[in-house]
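Working notes for the structure below.
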Amino acid sequence: MALTIHEIAPDSDNVIVLKLASNSFAQWPSLSELEGEVADAADASPIELDSACEERKEPPAESKGQNSCEVHYHVSSSHLIQSSPWFKRVLGKVGWSESRAVDGRYRIVAEDWDETALLTVLNIIHLRNRQIPKVVSLGEMAKIRVVADYYECGEAIEMFTTLWTQSLKRLSIPSTYCRELVLWIWVSLVFDMPQEFEIATLEAINTATEAVEMLGLPIPKTVAGSFNYNQFTSLHSCELRAATIPITNELFATTKGLKLQEVKVSGRTRQIGR
């Protein structure tokens, strides 16, 4: 198995071992998956299969699968503890000092994260400002936030996310239902962009021809539950479309009160030890 090493802390005492680094993120459903969805909803929908499939011919933005390469991040426990309650809990567990490997470093094993997103978060935590991008894409920002939410270090990366959102606000939000539109819903929600959240959710409600896919993103149930198939099939009048505006505002306000641990993420960190 190939090994990639990122030397983040010069005097590192910990290694985060990323196994099965993810090559996929927020995948757009394939045509076969769509056909199954439409077949399941046939009794409740007048929409023809062909017309629904035409809306979903957009290919996935990234290839599916996992990378067999193992990635090691050499990090400092003091930086991790100061920036992340998650790491503070883990590194403070009884017996942690006995898990030191032969090279003198402790091990934390993680799976399924995007290699670059995790690297960016760790660079921020370790104050390696010159290694942090000044601009990131919508997809990259979504990946970074998923990692930061899991490790409970959103505040630590706030200075950079504020900079990145200013660049994102200059971009146009898609006017049709697609993968990018769902990413906008997630990013605008978690990075406090209420105007963009309203635009993205309204576009999804008004242009989706089937249940809106959450693409495995940790979108709170209060938001995901509002995008149900029956709503989409009925939102055709001006009155109903106008009524969705306060709904999106209420959703945004409600979800800001959710605790990070209430949001389930697609990645995971599982094992501590050698």
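Residue numbers for the sequence shown follow the UniProt record's numbering, beginning at 1 and rising by one.
Don't be surprised by glycine CBs; every beta carbon is placed ideally from N, CA and C.
In this text, all values refer to a predicted model and were calculated from it rather than measured experimentally.
Worksheet entry | Rounded separation between Lys-134 and Val-121 - CA only | 13 Å
Worksheet item: What residue range is occupied by the uninterrupted beta strand (DSSP E) comprising Asn-129?
Response: No beta strand (DSSP E) contains Asn-129, which DSSP labels as neither H nor E.
Item to complete: Please confirm if Phe-87 has its CB atom under 9 Å from at least one CB of chain D.
Response: In the structure shown, chain D cannot be found, because there is only a single protein chain.
Item to complete: Measure the alpha-carbon distance for Val-15 versus Gly-139 and round it to whole angstroms.
Response: 26 Å
Item to complete: Run the CB neighbour count on Asp-11, radius 10 Å, all protein chains shown included, and call it buried at 16 or more, exposed below.
Response: exposed
Discussion item. Just verifying my parser: in three-state terms, what is the DSSP assignment at Val-136?
Written reply: coil
Item to complete: Would you tell me roughly how many angstroms separate the C-alpha atoms of Ala-117 and Ile-132, rounded to the nearest one?
Response: 11 Å
Worksheet item: From which residue to which residue does the alpha helix (DSSP H) around Val-90 run?
Response: 85-91
Fill in: Distance between beta carbons of Leu-20 and Glu-111, contact taken as under 8 Å
5 Å
Worksheet item: Looking only at its own chain, which residues have a Cβ that is under 6 Å from the Cβ of Cys-153, when we skip the five neighbours before and after it?
Response: Ser-83, Ser-84
Worksheet entry | Own chain residues within Cβ distance below 7 Å of Asp-13, not counting five before or after | Ser-76, Ser-77, Arg-105, Tyr-106
Fill in: Option nearest Thr-161 by Cα separation, candidates Val-146, Asp-103, Ser-175
Val-146
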